[in-house]
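Engineer: Take a look at the following structure, please.
Residue numbers (our numbering): 1320 to 1375.
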């Protein structure tokens, strides 16, 4: 189980990634946003998140 601090750190990391993509003119798909949400809530691992990202 994640601590609240870990969850906040994950949220910040995801927001940074989303913002970085937007600066480059790229949108994040709904599928990827859903995967990010699952990772933030510790429903999937980083390895699973990476696998989803590579599939998209």
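Don't be surprised by glycine CBs; every beta carbon is placed ideally from N, CA and C.
Return the first residue and the last residue of the alpha helix (DSSP H) that residue 1352 is part of.
Structural biologist: 1349-1359
Engineer: What would DSSP say about residue 1342, mapped onto helix, strand or coil?
Structural biologist: helix
Engineer: Give the DSSP-derived three-state secondary structure of residue 1320 in the structure shown.
Structural biologist: coil
Engineer: Tell me, to the nearest whole angstrom, how far the beta carbon of residue 1356 is from that of residue 1375; I am working on the premise that it is less than 8 Å.
Structural biologist: That belief does not hold up - the Cβ atoms of residue 1356 and residue 1375 are roughly 15 Å apart, past 8 Å.
Engineer: Between the beta-carbon of residue 1361 and the beta-carbon of residue 1331, is there less than 9 Å?
Structural biologist: Going by C-beta atoms, residue 1361 is not nearer than 9 Å to residue 1331.
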